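K.L.:
What follows is a structure written as structure tokens; I'll ask about it next.
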Amino acid sequence: MSNPADRLIRITDAKDERIADFRNIRERDLVGRSGRFIAEGTVVLRMLARSRRFGAEKILVLENRVSGIEHILEAFDPDTPIMVCDRKVIDAIAGFPMHRGVLAIGRSDPPQDIAQALAGLKDDALVLVCSGISNHDNMGGLFRNAAAFGVDLICLDGQCCDPLYRKSIRVSVGAALTVPYARGGGIGEMADTLDGAGFQLLALSPKGVRAIDDVKPKRRTALVVGTEGEGLPESLLKRIDTARIPQAPGLDSLNVGTAAAIALFSIASALGRVR
Numbered sequence: 001m002s003n004p005a006d007r008l009i010r011i012t013d014a015k016d017e018r019i020a021d022f023r024n025i026r027e028r029d030l031v032g033r034s035g036r037f038i039a040e041g042t043v044v045l046r047m048l049a050r051s052r053r054f055g056a057e058k059i060l061v062l063e064n065r066v067s068g069i070e071h072i073l074e075a076f077d078p079d080t081p082i083m084v085c086d087r088k089v090i091d092a093i094a095g096f097p098m099h100r101g102v103l104a105i106g107r108s109d110p111p112q113d114i115a116q117a118l119a120g121l122k123d124d125a126l127v128l129v130c131s132g133i134s135n136h137d138n139m140g141g142l143f144r145n146a147a148a149f150g151v152d153l154i155c156l157d158g159q160c161c162d163p164l165y166r167k168s169i170r171v172s173v174g175a176a177l178t179v180p181y182a183r184g185g186g187i188g189e190m191a192d193t194l195d196g197a198g199f200q201l202l203a204l205s206p207k208g209v210r211a212i213d214d215v216k217p218k219r220r221t222a223l224v225v226g227t228e229g230e231g232l233p234e235s236l237l238k239r240i241d242t243a244r245i246p247q248a249p250g251l252d253s254l255n256v257g258t259a260a261a262i263a264l265f266s267i268a269s270a271l272g273r274v275r
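Counting in full-length UniProt numbering, the sequence shown runs from 1 upward without gaps.
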């Protein structure tokens with residue numbers, strides 16, 4: 001295994017073309033990236049190094065951070081360029097003060113479709129289904145919760161935002177790079193596919209028929225959550241089982257990330273997935 005210190009590339013100019021992909025990352029995150037994404041921070045870099053699905057094209061590190069993350073850097077392919085620079089240069093590259101001092105350009109393949117991803121799951125599986133999640137903080141929180149409670153797959157409908165957006169990855173503490181996910185079309189079509197694959201579908205809603213603690217999950221369970229405000233479509237709530245989280249009067253609902261965490265804990269506990 002090569003020593004990362006032996007292959008460092010020093011960058012002294014923010015206009016150096018070798019770091020062009022890192023420039024003004026706030027703006028670059030808003031445009032099409034052709035399967036590429038930005039990983040930020042030591043924890044996220046560690047998760048990227050462990051990921052089987054994603055790789056790194058290049059890494060940029062603040063020079064005084066290198067010694068503390070050599071064990072992470074050496075886990076990447078020896079051909080992955082590792083570039084270092086001082087504080088002034090990295091801030092100029094990023095376009096804002098880069099306190100974490102660790103960046104990577106990741107690459108990914110297109111996400112699997114729902115049917116393909118479900119075919120690869122074992123007989124007992126827990127799936128989180130997301131409909132219309134457009135807030136990147138919420139998306140990151142959902143991935144973090146999914147990792148915490150042993151979710152095998154996250155299914156995103158066509159209205160969900162990209163979990164590989166820089167902020168989503170950061171809020172997920174890198175879980176967006178480790179929890180498998182797939183994309184489908186409409187939520188109704190996704191529900192049909194999950195039902196056909198033998199999943200018990202459970203929609204989380206303030207109008208749910210049963211309290212989440214009263215639900216007896218099956219070996220294959222899919223928890224469905226929707227965007228804040230509108231929630232899940234009535235057409236879906238009428239056709240599948242629904243559950244609610246009991247709470248004090250005066251507030252009609254919880255943040256979708258918080259609600260999903262409570263529901264996933266309840267389901268995972270009943271299935272013996274957490275201890």
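Idealized CB from N, CA, C, for every residue including glycine.
A quick note: this is a predicted structure, and the numbers were derived from the prediction, not measured.
Any chance you could list the beta strand (DSSP E) runs of at least 3 consecutive residues sitting entirely within the UniProt domain "tRNA/rRNA methyltransferase SpoU type" (126 to 265), in chain order?
P.N.:
The qualifying runs are 153 to 156, 181 to 183, 200 to 204, 220 to 226 and 241 to 244.
K.L.:
Tell me which same chain residues have a C-beta within less than 7 Å of the C-beta of residue 164, skipping the five on either side of it?
P.N.:
So the list reads 37, 108 and 176, once near-sequence residues are dropped.
K.L.:
Rounded to whole angstroms, what is the Cα-Cα separation between residue 31 and residue 167?
P.N.:
At residue 31, the pLDDT of 47 sits below 50, so the modelled position is not reliable; the number obtained from the coordinates is stated separately. Whole-angstrom Cα-Cα distance: 14 Å.
K.L.:
By Cβ distance, which residues of its chain are closer than 8 Å to residue 89, with the 5 residues on each side in sequence left out?
P.N.:
Same-chain partners within the cutoff: 11, 12, 13 and 14.
K.L.:
Contact between the stretch 54 to 66 and the stretch 76 to 89 is defined here as three or more beta-carbon pairs at a separation below 8 Å; is this criterion met?
P.N.:
Contact holds: three or more Cβ-Cβ distances are below 8 Å.
K.L.:
Out of curiosity, what's the CA-to-CA distance linking residue 100 and residue 267?
P.N.:
Approximately 36 Å, taken between the alpha carbons.
K.L.:
Let's test the definition: count the other Cβ atoms within 10 Å of the Cβ of residue 146 and tell me whether it reaches 16, buried, or not, exposed.
P.N.:
Flag for residue 146 reads buried.
K.L.:
Considering only the beta carbon of each residue, do residue 236 and residue 187 sit closer than 8 Å?
P.N.:
Taking 8 Å as the Cβ cut-off, residue 236 and residue 187 qualify as a contacting pair.
K.L.:
Determine, using beta carbons only, whether residue 222 and residue 254 come nearer to each other than 8 Å.
P.N.:
Taking 8 Å as the Cβ cut-off, residue 222 and residue 254 do not qualify as a contacting pair.
K.L.:
Have a look at 263, 270, 157 and 233 and flag the residue whose alpha-carbon is nearest the alpha-carbon of residue 113.
P.N.:
Residue 113 has its Cα closest to that of 157, out of 263, 270, 157 and 233.
K.L.:
Thinking C-beta only, is residue 48 closer than 8 Å to residue 106?
P.N.:
Contact flag set, yes.
K.L.:
Just how far apart, CA to CA, sit residue 20 and residue 50?
P.N.:
Roughly 26 Å between the two C-alpha positions.
K.L.:
Do you know offhand how far residue 123's Cα is from residue 66's?
P.N.:
Those two C-alpha atoms are separated by around 44 Å.
K.L.:
If you drop the 5 nearest sequence neighbours on each side, which residues of the same chain put their C-beta closer than 6 Å to that of residue 185?
P.N.:
The residues are 158.
K.L.:
Under a Cβ-count criterion, where at least 16 other Cβ atoms within 10 Å of its own Cβ denotes burial, should residue 251 be classed as buried or exposed?
P.N.:
Result: exposed.
K.L.:
Would you say residue 128 and residue 151 are within 8 Å of each other, going by their C-beta atoms?
P.N.:
Yes, the Cβ-Cβ distance between residue 128 and residue 151 is below 8 Å.
K.L.:
Since residue 98 sits in a beta bridge, which residues does DSSP pair it with?
P.N.:
Its beta-bridge partners do not exist; DSSP assigns none.
K.L.:
Out of curiosity, what's the CA-to-CA distance linking residue 270 and residue 178?
P.N.:
The alpha-carbon atoms of residue 270 and residue 178 are separated by roughly 24 Å.
K.L.:
Do the CB positions of residue 80 and residue 115 come within less than 8 Å of each other?
P.N.:
Not in contact: residue 80 and residue 115 (Cβ atoms no closer than 8 Å).
K.L.:
For residue 62, does the three-state DSSP call read helix, strand or coil?
P.N.:
Looking at residue 62 - three-state DSSP - the assignment turns out to be strand.
K.L.:
Beta-carbon within less than 6 Å of residue 212's beta-carbon, same chain only, minus the 5 sequence neighbours each way: which residues are those?
P.N.:
If we look at residue 212 and ignore the five residues flanking it on each side, its Cβ neighbours are 243, 245, 263 and 266.
K.L.:
Can you look up residue 31 in the DSSP assignment and give me helix, strand or coil?
P.N.:
Note that residue 31 scores a pLDDT of 47, beneath 50, so its modelled location is shaky and nothing firm can be said.
K.L.:
Apply the 10 Å Cβ neighbour rule to residue 293 and answer buried if 16 or more other Cβ atoms are within range, or exposed otherwise.
P.N.:
No information on residue 293 is available, as it lies outside the stretch 1 to 275 that the chain covers here.
K.L.:
DSSP state of residue 268, grouped into three classes?
P.N.:
Looking at residue 268 - three-state DSSP - the assignment turns out to be helix.
K.L.:
What's the gap between the Cα of residue 238 and the Cα of residue 52?
P.N.:
Each residue's Cα considered, the two are about 39 Å apart.
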